[in-house]
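Residue 2 in full-length UniProt numbering sits at position 2 of the sequence shown, with consecutive numbering throughout.
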Amino acid sequence: MISKREATLNYLILGVFAIIALFPLLGVLTSALTDPSESSASLTFPTSPHFENFLTAWNEGHFGTYMRSSVLVTVSVVVISSLLAVLAGYAFATMRFRGQSVLFYILLLGLMVPSEALIIPLYYDLRGVGLTDTYWALIFPQVAQSLAFCTFWMRSFFRGIPTSLIEAAKLDGATRWSVLWRILVPISRPALLTMAMLVFMWTWNEFLMPLVMITSENLRTAPLGLAFFQGQHTSQFSLLAAGATIVAAPVVIVYLFLQRHFIAGMLAGAVK
1 MISKREATLN YLILGVFAII ALFPLLGVLT SALTDPSESS ASLTFPTSPH
51 FENFLTAWNE GHFGTYMRSS VLVTVSVVVI SSLLAVLAGY AFATMRFRGQ
101 SVLFYILLLG LMVPSEALII PLYYDLRGVG LTDTYWALIF PQVAQSLAFC
151 TFWMRSFFRG IPTSLIEAAK LDGATRWSVL WRILVPISRP ALLTMAMLVF
201 MWTWNEFLMP LVMITSENLR TAPLGLAFFQ GQHTSQFSLL AAGATIVAAP
251 VVIVYLFLQR HFIAGMLAGA VK
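Have a look at this one:
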């Protein structure tokens, strides 16, 4: 049992690390609220909140268009990856078929190969079939990148479910399809939401793929749009900070809504 002194020391250490992690975010937020005439590259505190910076950055940076593109791509990647991962993870965890182990290890190669090593041949492949400068050029590759991790994640969770539960359902006449969607998927909600949140974060923050695949301004994602916005406002630090806050806000909001499930899913994975 942890003593009161140990608990106090743990909270103190965690508090120090929390302050270190939150300090840069606080600096960006305070800079975003500073009057443009008073902003600088160093940490600044506004004399009065200047919320107009967000509206100015939104309009001048065309973030409405960029955010729409990011939402479309990110939601598509999360939905497709989650669906395929549930099916593949269920197959690898509960079924036995020839070449299962080999196929699974081949799939895991996707965790070991960095996307930077594949981006150039991938560009020429997609250009050859006419998919560059489309949303599909962002959705398909990122689904493929996420699928290895997602399948491994769901396979690990499904393998941790007692086989007696599955066998009991089969004795009651449930098919494999019913076992998956009526029994396993409902109880895997924390793991699914944790996986979906991680994929959401990775896809939303992806920069290299849109930079290489997209040339049309109306198809740019939020991080790519922020880079172009930065090039146009190199010395307007308050507007840059406001733009960065706008781009980061969806990830923060999603985490705040799903943090309970996220922590539960991570703890479940740690226990297993």
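Even for Gly, the Cβ is constructed at its ideal location relative to N, Cα and C.
Beta-carbon proximity list for ASP133, same chain, < 8 Å, skipping 5 on both sides: Taking the sequence shown and counting its residues from 1, the one referred to as residue 133 is at position 133. Answer for ASP133: MET213, ILE214, THR215, SER216, LEU219, listed in chain order.
Buried/exposed call for TYR90, threshold 16 Cβ in 10 Å: Start at 1 with the first residue of the sequence shown, and residue 90 comes out as number 90. By the 10 Å Cβ count, TYR90 comes out buried.
Quick check on this structure: which residue in GLN230, ALA144, VAL75, GLU6 has the alpha carbon closest to the alpha carbon of LEU118? Numbered from 1 along the sequence shown, position 118 holds the residue referred to as residue 118. Here the closest residue by C-alpha is ALA144.
Could you tell me the alpha carbon to alpha carbon distance between ARG176 and GLU6, rounded to whole angstroms? Counting from 1 along the sequence shown, the entry for residue 176 is found at position 176. Counting from 1 along the sequence shown, the entry for residue 6 is found at position 6. Those two C-alpha atoms are separated by around 49 Å.
Please state whether DSSP places VAL129 in a helix, a strand or coil. Residue mapping note: residue 129 aligns to position 129 of the sequence shown, counting from 1. Coil at VAL129, not helix or strand.
Contacting residues, own chain, Cβ-Cβ under 6 Å from LEU33 (five flanking each side not counted): Reading the sequence shown from its first residue, position 33 is the one you call residue 33. These residues qualify, in order along the chain: PRO46, PRO49, HIS50.
Pairwise C-alpha distance: ILE106 and ARG98: Along the sequence shown, read from residue 1 onward, the residue named residue 98 stands at position 98. Along the sequence shown, read from residue 1 onward, the residue named residue 106 stands at position 106. Approximately 14 Å, taken between the alpha carbons.
Cutting at 6 Å between CB atoms, please list the residues of its own chain near GLY130, excluding the five before and the five after it. In the sequence shown, counting from the first residue as 1, residue 130 sits at position 130. Within the same chain, GLY130 has no close Cβ partners at all.
Just to confirm before moving on: does the CB-CB distance between LEU226 and ASN53 stay below 7 Å? Working through the sequence shown from its first residue, we reach residue 226 at position 226. Working through the sequence shown from its first residue, we reach residue 53 at position 53. It is not a contact, given that the beta carbons lie outside the stated cut-off.
VAL78 and PHE200 closer than 7 Å at C-beta: In the sequence shown, residue 78 corresponds to position 78, counting from 1. In the sequence shown, residue 200 corresponds to position 200, counting from 1. Taking 7 Å as the Cβ cut-off, VAL78 and PHE200 qualify as a contacting pair.
Indicate the three-state DSSP secondary structure (helix, strand or coil) for GLN145 in the structure shown. Within the sequence shown, numbered from 1, the residue matching residue 145 stands at position 145. If DSSP states are grouped into helix, strand and coil, GLN145 belongs with the helices.
Near GLY243, which residues of its chain fall below 6 Å by C-beta distance, leaving aside the five closest residues on each side in sequence? Counting from one through the sequence shown, the residue named residue 243 turns up at place 243. Spatial neighbours of GLY243 in its own chain (CB-CB distance under 6 Å, excluding positions within 5 residues in sequence) are listed in chain order as ALA57, GLY61, LEU226, PHE229.
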